[in-house]
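Per my numbering, the very first residue in the sequence shown carries number 526; after that it's consecutive. Glycine residues also receive a C-beta, built at the ideal position from the N, C-alpha and C atoms.
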Amino acid sequence: MDDKSSKIAIIGAGVVGMTVAKILQRDLRNANISILADAFTQDTVSCVAAGIFRPGTSFRGPTKEVTKKWIDESWYFWQDIIKTSEAQNAGLMTLSSYIFSKENYHVTRNHLIEKLVPVYRPVDEDELKLCGEGWKYGSYFSTIKIGCDKYLPWVEKSFTENGGKIVRERIDNFASLRSEFDLVFNCTGMGAKALCNDYDLVPLRGQVIKVRVPSLKMAFYGDYDTYVIPGLDGVATLGGVRQYDSYNREVCKHDTAAILERCYELLPFLKKSEIVAEKVGLRPHRVPVRVEPEIIDGVKVVHCYGHGGYGVMCAPGTALDAVQMGCDMLKSNIRSKI
Ligand SMILES: Cc1cc2nc3c(=O)[nH]c(=O)nc-3n(C[C@H](O)[C@H](O)[C@H](O)COP(=O)(O)OP(=O)(O)OC[C@H]3O[C@@H](n4cnc5c(N)ncnc54)[C@H](O)[C@@H]3O)c2cc1C
């Protein structure tokens, strides 16, 4: 496709916007691409996330088939990077994990990835005692983790080296971009609520505690959204909470106390680890995740937002679909000019 004259904007520099940028630059080598955003790297929700590849079983695209395709394609996108010498620079690591429950067998299963990841199996009696007494159900699985504190700068570097432009700017409406761009990708996460007046997009507030624990090499999950996920730099993420429709961006001391109590019960040795940061993020929750084209005020827009608690792992699958939709829109643009 002749993309020389195409001017494309991506609104949003979180994991979704940056992944769209990476795929666009690969597929439309000559296009003139800009990322417009009012927050970058550490100030995005993407950098609050631990970034583990483990979708909630309620994660939903428009159909079951599309959901599965997004998850599978995301997995293979990350695998292509993890196999290279760039994996660490890109913030990627392989990770084994235990998930335990005292109450519910189903939380230890995950039909969306059980056949995709290298290992997903029930635990044996000895493994059930790894995190103290009382655990009735458990699974062991191997997966990956994407640390956005490294992934976002890694994409940004290659994006600008390949001619991409980055602009710090808040966009209040699509019409303001009409004269400058042929196509706009809307990757604004929770920002889409105001930009699109989208009542289906709801914040799912999360809070995490980052602790220094270099000896920890595996992830552990317990009941009530309790998790401990190690990172590349010896800093683990402890969580969490999921507060529906809460816009509170401040750290809540009661949430901190509850998270620490649950994580210390799961892994008592964590009591000795230093707390290095506490973070809050509003997950952009929407059912289904919105990946679709729309013409707004004469501007060709492809939406890609609403990934909830699974946007890091699933950004590539959704971005691939969004880029395909954008290319189709550009082609129809070219035809309409003939
Ligand atoms: C505590 C917590 C734990 C999580 N754990 C995981 C996990 O383990 N695995 C996983 O896959 N996911 C996880 N998530 C979910 C994940 O973080 C989100 O789904 C993902 O970050 C969404 O990415 P995004 O790019 O859509 O949004 P964001 O990262 O919020 O980026 C949005 C971008 O849009 C820009 N923007 C918004 N509005 C405008 C505007 N009007 N004008 C200009 N720019 C605008 C912002 O500045 C920003 O650059 C977690 C989230 C939280 C809070």
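Report task. Helix, strand or coil for phenylalanine 794, going by three-state DSSP, please let me know. Result -> helix
Query raised in the report: How about the stretch 652-659 and the stretch 617-630: do they share at least three Cβ pairs that are nearer than 8 angstroms?
Result: yes
Query raised in the report: Are three or more beta carbon pairs between the stretch 665-680 and the stretch 536-549 nearer than 8 angstroms?
Result: yes
**Report entry** Contained alpha helix (DSSP H) runs [length at least 4] in the stretch 749-801, N- to C-terminal order
**Finding:** 778-791
**Report entry** Residue environment, tyrosine 746, which counts as buried when at least 16 other CB atoms sit within 10 Å
**Finding:** buried
Requested in this report: Kindly indicate the opening and closing residues of the beta strand (DSSP E) around threonine 668.
Outcome: 662-671
Requested in this report: Compare the C-alpha of histidine 872 against each of His810, Asp846 and Arg693 and name the closest.
Outcome: Residue 872 lies beyond the range of the chain shown here (526 to 863); nothing can be said about it.
Query raised in the report: Is the beta carbon of serine 874 within less than 7 angstroms of some heavy atom of ligand 1?
Result: The first residue shown for the chain is 526 and the last is 863, placing residue 874 beyond what the model contains.
**Report entry** Helix, strand or coil at leucine 617 [DSSP, three-state]
**Finding:** strand
Query raised in the report: Under the three-state reduction of DSSP, which class applies to tyrosine 724: helix, strand or coil?
Result: coil
Query raised in the report: Going by beta carbon distance, what residues of the same chain come within less than 6 angstroms of phenylalanine 706, once the five residues before and after it are set aside?
Result: Lys532 and Ala534
Query raised in the report: Starting from alanine 546 and walking both ways along the alpha helix (DSSP H), at which residues does that stretch end?
Result: 540-552
Query raised in the report: Just curious, the beta strand (DSSP E) that isoleucine 535 is in, first and last residue?
Result: 532-536
Report task. Since I believe isoleucine 536 is in contact with valine 709 (beta carbons under 8 angstroms), could you give me their beta-carbon distance rounded to a whole number of angstroms? Result -> 7 angstroms
Query raised in the report: At a Cβ threshold of 8 angstroms, is glutamate 790 touching chain C?
Result: In summary, chain C is missing from the structure at hand, where a single protein chain is found.
Query raised in the report: Just to check, is the beta-carbon of alanine 802 closer than 7 angstroms to a non-hydrogen atom of ligand 1?
Result: no
Query raised in the report: Since isoleucine 638 is in the alpha helix (DSSP H), which residue starts that stretch and which ends it?
Result: From DSSP, isoleucine 638 is part of no alpha helix (DSSP H); its letter is neither H nor E.
Query raised in the report: Which term fits proline 793, buried or exposed, when burial requires 16 or more other beta carbons within 10 angstroms of its beta carbon?
Result: exposed
Query raised in the report: Per the contact definition of three or more C-beta pairs closer than 8 angstroms, is the stretch 762-775 in contact with the stretch 803-818?
Result: yes
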